[in-house]
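In the working numbering, the protein residues as written are 567 to 1108.
Quick look at the structure:
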């Protein structure tokens, strides 16, 4: 009996097994509760916003009386200090006109020399004889008529030049764009070695033209939308109409049409509003500054979303493997490209699980470490007053603070502060006996591995989950580390991006798509587009 009792595990092992059983059950319950609660509140808010918009957007039509319409316009937007209003005579029409424009939003030189000169001295009576054909009679390519005052006012404040002419039953909108734009530079958030050195800018027309200039095609189609309930912006959906899955296109258009927000300052707002699962830490929409990445995604059958005022375009649907791939994988030959891609996958695993494996091995399973290495680690930990979890947290939190500070500081100071701060803090912590030298190596390798992830948002997610994995390892040892990894894999297996499984083609398994997963096959063998996207044309034309 004594020999049998000797082999019965300690009571702590039974407690660990019980916790390992209860954790996934509790996590599932909490997830379902939060999902149902947030989803209900979101639907109620959407209904309220829709009802409010329906009740407040009553159109005020033009009356046809020049003085009445002028007073109606000025009563609503005349108090804006940046609104320029100029009344002038139309000599050959024997009528009056008023020009409305916002300071800095129009090219004033063209406005004065071309438009005003023509209207004041050259416009003939045909314009008033057939006011419904003003778009055909006036020599402006960006001219449109508008029949209600509210939309006229919004368009003027949005950047159009508004024109009200005596004798016309509607207003005219003319666009001579003139914005304060920065020059087109390399992408800031995506460093590159080889490839086009062009990054998107904040001007939507420039971004769409960059996509057009990637190559001549009449199949590249773009559809424009106005988004925002208080402050409106232009949004464009881009796709290859002979490739894209019609069901996917319909789903994207539906989600864009259902956007309800006062103001969309950046594409990050859209990313959060259209994703499938807002409780998941993983991004389900990819953001990028690179036109070449976008055009390659369109040729695979994906859809791009571009918003005015931001250099970040969105790509849907996205899979996990896309976040660890870069366009340079295809610009280099397939052997070095494949090796670099597999290196990134390994670095992502180290960035996620490195500290957790250290804690579980040091605190719970030192017998799994080779004897000589275990002795060396024990010697370096002599005099360290903290358990492994606290020791790791001290360094990891310090690294995260330094990383965030380096981003927020001015560029000349940020990198130097990060390097010097890391060296000083690491060396001082070792000298003070707070942490062991071996842990400094582990944390440094983990931090460097996280830098190798090409997508910043994906790197942030792995940094967040790293702390969760450390907690699992601290309470349950290697059991907890494995449990965390299994829970993570089960969540990723269930997660979808616009109906496409997040782990495709690994799960569900698609053998034809493995040629572009962990390694990249030669371009001559990549003859088909990803089967998961169910494109109209599955064969690549090249």
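Backbone N, C-alpha and C define an ideal beta-carbon position, used for all residues, glycine too.
Pull up the distance between the alpha-carbon of residue 752 and that of residue 893, whole angstroms please.
To locate residue 752, count along the chain shown from 1; it is residue 186. To locate residue 893, count along the chain shown from 1; it is residue 327. Approximately 14 Å, taken between the alpha carbons.
What separation, rounded to the nearest whole angstrom, lies between the Cα atoms of residue 620 and residue 626?
The count along the chain shown starts at 1 and reaches residue 620 at position 54. The count along the chain shown starts at 1 and reaches residue 626 at position 60. Unreliable positioning characterises residue 620 in this predicted model, as indicated by a pLDDT of 43, which lies under 50. The coordinate reading is nonetheless provided below. Looking at the two C-alpha atoms, the distance is approximately 14 Å.
DSSP on residue 612, reduced to helix/strand/coil?
Along the chain shown, one-based indexing puts residue 612 at 46. With a pLDDT of 44 at residue 612, under the threshold of 50, the modelled position of that residue is not reliable, and the figure given next carries that caveat. In the structure shown, residue 612 sits in a helix (DSSP, three-state: H, G or I).
Look up residue 1062 in the DSSP assignment and say whether it is helix, strand or coil.
Mapped onto the chain shown, residue 1062 falls at position 496. Here residue 1062 sits in strand by DSSP.
By the 10 Å Cβ neighbour count, where 16 or more other Cβ atoms means buried, how is residue 837 classified, buried or exposed?
In the chain shown, residue 837 corresponds to position 271, counting from 1. So residue 837 ends up on the buried side.
What does the alpha-carbon distance come out to for the pair residue 900 and residue 771?
Counting from 1 along the chain shown, the entry for residue 900 is found at position 334. Counting from 1 along the chain shown, the entry for residue 771 is found at position 205. If you take the alpha carbons of residue 900 and residue 771, they lie about 35 Å apart.
So, using beta-carbon positions, are residue 768 and residue 857 closer together than 8 Å?
As a first step, residue 768 must be located in the chain shown, where it is residue number 202. As a first step, residue 857 must be located in the chain shown, where it is residue number 291. Against a cut-off of 8 Å, the Cβ pair of residue 857 and residue 768 comes out as no contact.
For residue 841, I'd like the list of residues in its chain whose CB is within less than 8 Å of its CB, leaving aside the five on either flank, ordered along the chain.
Your numbering for residue 841 matches position 275 in the chain shown. These residues qualify, in order along the chain: 849, 850, 851 and 1063.
Looking at the structure shown, is residue 720 part of a helix, part of a strand, or coil, going by DSSP?
Numbered from its first residue, the chain shown carries residue 720 at position 154. The answer is helix: DSSP assigns residue 720 an H, G or I state.
Taking C-beta to C-beta, are residue 760 and residue 898 nearer than 8 Å?
For the purposes of this step, residue 760 is identified with residue 194 of the chain shown, where counting begins at 1. For the purposes of this step, residue 898 is identified with residue 332 of the chain shown, where counting begins at 1. Going by C-beta atoms, residue 760 is nearer than 8 Å to residue 898.
Give me, in chain order, the residues of the same chain whose beta-carbon lies closer than 6 Å to that of residue 1104; leave out the 5 immediate sequence neighbours on both sides.
Residue numbering aside, residue 1104 sits at position 538 when the chain shown is read from its first letter. Excluding positions up to five away in sequence, the list reads 1094 and 1095.
Terminal residues of the alpha helix (DSSP H) in which residue 651 lies
Residue numbering aside, residue 651 sits at position 85 when the chain shown is read from its first letter. Element bounds for residue 651: not the alpha helix (DSSP H) but the beta strand (DSSP E), 649-656.
Can you tell which of 641, 843 and 963 has the C-alpha that lies nearest to the C-alpha of residue 1009?
Indexing the chain shown from 1 puts residue 1009 at position 443. Ranking 641, 843 and 963 by Cα distance to residue 1009 puts 963 first.
Could you tell me whether the region 1046-1065 touches the region 939-948, using the rule of 3 or more Cβ pairs below 8 Å?
no
Which of the three DSSP states is assigned to residue 737 in this structure?
In the chain shown, residue 737 corresponds to position 171, counting from 1. Strand at residue 737.
Leaving out the 5 sequence neighbours to the left and right, which residues in its chain are closer than 7 Å to residue 904 when beta-carbon positions are compared?
For the purposes of this step, residue 904 is identified with residue 338 of the chain shown, where counting begins at 1. Here the set comprises 1085 and 1086.
Go ahead and pull the three-state DSSP assignment for residue 1093.
As a first step, residue 1093 must be located in the chain shown, where it is residue number 527. Residue state, collapsed to three classes: coil.
Look up residue 854 in the DSSP assignment and say whether it is helix, strand or coil.
As a position in the chain shown, residue 854 is number 288, starting the count at 1. Here residue 854 sits in strand by DSSP.
With a threshold of 8 Å between beta carbons, is residue 637 in contact with chain B?
Looking for chain B here will not work: only one protein chain is present.
Does DSSP classify residue 632 as helix, strand or coil?
Against the chain shown, residue 632 aligns to sequence position 66. DSSP places residue 632 in helix when its eight states are reduced to three.
Have a look at residue 732 and residue 667 and give me their C-alpha separation to the nearest angstrom.
Counted from its first residue, the chain shown places residue 732 at position 166. Counted from its first residue, the chain shown places residue 667 at position 101. Using only the alpha carbons, I get a separation of about 18 Å.
For residue 950, which residues in the same chain have their Cβ closer than 8 Å to its Cβ, ignoring the five residues on either side in sequence?
If you number the chain shown from 1, residue 950 lands on position 384. Within the same chain, residue 950 has close Cβ partners 957, 999, 1000, 1001 and 1002.
Is it buried or exposed, residue 660, if we count other Cβ atoms within 10 angstroms and call 16 or more buried?
Residue mapping note: residue 660 aligns to position 94 of the chain shown, counting from 1. It is exposed - the Cβ of residue 660 has fewer than 16 other Cβ atoms within 10 Å.
Contact check, residue 712 vs residue 638, beta carbons under 8 Å:
For the purposes of this step, residue 712 is taken as the residue at position 146 of the chain shown. For the purposes of this step, residue 638 is taken as the residue at position 72 of the chain shown. Contact flag unset, no.
Using CA coordinates, which residue listed in 1048, 591 and 1058 is at the minimum distance from residue 1027?
Numbered from its first residue, the chain shown carries residue 1027 at position 461. It is 1058 whose Cα lies nearest to the Cα of residue 1027.
Can you look up residue 759 in the DSSP assignment and give me helix, strand or coil?
As a position in the chain shown, residue 759 is number 193, starting the count at 1. Three-state DSSP puts residue 759 in coil, outside helix and strand.
For residue 843 and residue 919, the rounded distance between their alpha carbons
Indexing the chain shown from 1 puts residue 919 at position 353. Indexing the chain shown from 1 puts residue 843 at position 277. Residue 919 and residue 843: Cα-Cα distance of roughly 24 Å.
Cβ neighbours of residue 976 in the same chain (closer than 8 Å, five flanking residues each side left out):
Counted from its first residue, the chain shown places residue 976 at position 410. Within the same chain, residue 976 has no close Cβ partners at all.
Decide yes or no for the touch test of the region 920-936 against the region 798-810: beta carbon pairs closer than 8 Å, at least 3 of them.
no
Residue 1104 in three-state terms, based on DSSP
Translated into the one-based positions of the chain shown, residue 1104 becomes position 538. Reduced to three states, the DSSP call for residue 1104 is coil.
Does DSSP put residue 672 in a helix, a strand or coil?
Mapped onto the chain shown, residue 672 falls at position 106. Correct three-state label for residue 672: strand.
Close beta carbons around residue 635, own chain, < 8 Å, minus the five adjacent residues each side:
Taking the chain shown and counting its residues from 1, the one referred to as residue 635 is at position 69. Excluding sequence neighbours, residue 635 sits near 628, 629, 715, 730 and 737.
Under the DSSP definition of a beta bridge, which residues are partnered with residue 789?
Taking the chain shown and counting its residues from 1, one reaches residue 789 at position 223. 803, per the DSSP bridge assignment.
Thinking just about the alpha-carbon of each residue, which of 658, 779, 750 and 853 is nearest to the one in residue 1021?
Reading the chain shown from its first residue, position 455 is the one you call residue 1021. Selected option, being the one with the closest Cα: 853.
Residues in its own chain within less than 8 Å of residue 1099 by CB, not counting five upstream and five downstream?
Within the chain shown, the letter at position 533 stands for residue 1099. So the qualifying residues of the chain are 811, 814, 866, 867, 868, 883 and 1066.
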